[in-house]
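Each remark here refers to the structure printed beneath this line.
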Amino acid sequence: MLGGIFLGRNGPDHLSFALLIAAMVLSFIPWPYMFIICIALTLLAVGRMFSKNIEQRRKENLVLLRLVNNAKSWYYRISARRQQAKQYRIFKCPQCGQKLRVPRGKGKVSIKCSKCGNKFLRTT
Ligand SMILES: [Zn+2]
Numbered sequence: 000m001l002g003g004i005f006l007g008r009n010g011p012d013h014l015s016f017a018l019l020i021a022a023m024v025l026s027f028i029p030w031p032y033m034f035i036i037c038i039a040l041t042l043l044a045v046g047r048m049f050s051k052n053i054e055q056r057r058k059e060n061l062v063l064l065r066l067v068n069n070a071k072s073w074y075y076r077i078s079a080r081r082q083q084a085k086q087y088r089i090f091k092c093p094q095c096g097q098k099l100r101v102p103r104g105k106g107k108v109s110i111k112c113s114k115c116g117n118k119f120l121r122t123t
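Yeah, the sequence shown ends on 123 if you go by numbering that gives the first Met the number 0, and it's all consecutive.
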């Protein structure tokens with residue numbers, strides 16, 4: 000059983016799996032010294048699994064999980080902005096530079112700046 004081997008040790012975690020997958024993917028890169036990096040990554044992954052410093056390994060794993068979460072929320076922000084761009088046009092107030100969001104497809108409209116009150120005409 001896996002539990003037996005890893006008793007009192009860190010065991011497999013996300014970061015170790017990520018290192019192993021990175022080693023596999025990188026092994027396809029035709030660079031003569033790439034195998035050294037792949038072996039190093041694999042040893043690092045295996046070393047982490049058998050490490051008894053569980054607290055430290057858990058911290059390292061949390062760093063990875065946080066990075067993944069940041070990447071996810073960045074992606075959602077970008078796609079939400081893209082979605083919004085389909086429905087709205089952004090105009091800059093010619094007077095103060097404030098960015099103003101106006102629904103698309105309304106023809107020529109008078110836009111009032113929310114910051115300085117300046118009015119200007121734009122076609123949406
Ligand atoms: Zn303005």
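We put the CB at the ideal spot given by N, CA and C, even for glycine.
Note that the structure is predicted; figures quoted are calculated from it, not measured.
- For ligand 1, no non-hydrogen atom lies closer than 6 Å to the CB of Q82.
- Counted as a single uninterrupted DSSP element, the beta strand (DSSP E) harbouring L120 occupies residues 118–122.
- If you draw a straight line from the Cα of E54 to the Cα of N60, it comes to about 10 Å.
- In the three-state reduction of the DSSP assignment, R57 falls in the helix class.
- Within the model, the alpha-carbon separation for K107 versus Y74 is close to 33 Å.
- The three-state secondary structure of K105, taken from DSSP, is coil.
- In this structure, DSSP gives L6 a state outside helix and strand, which the three-state scheme calls coil.
- Pairwise C-beta distances place the region 41–51 in contact with the region 7–19, as three or more of them are shorter than 8 Å.
- Judged by their CB atoms, T122 and R88 are not nearer to each other than the 7 Å cut-off.
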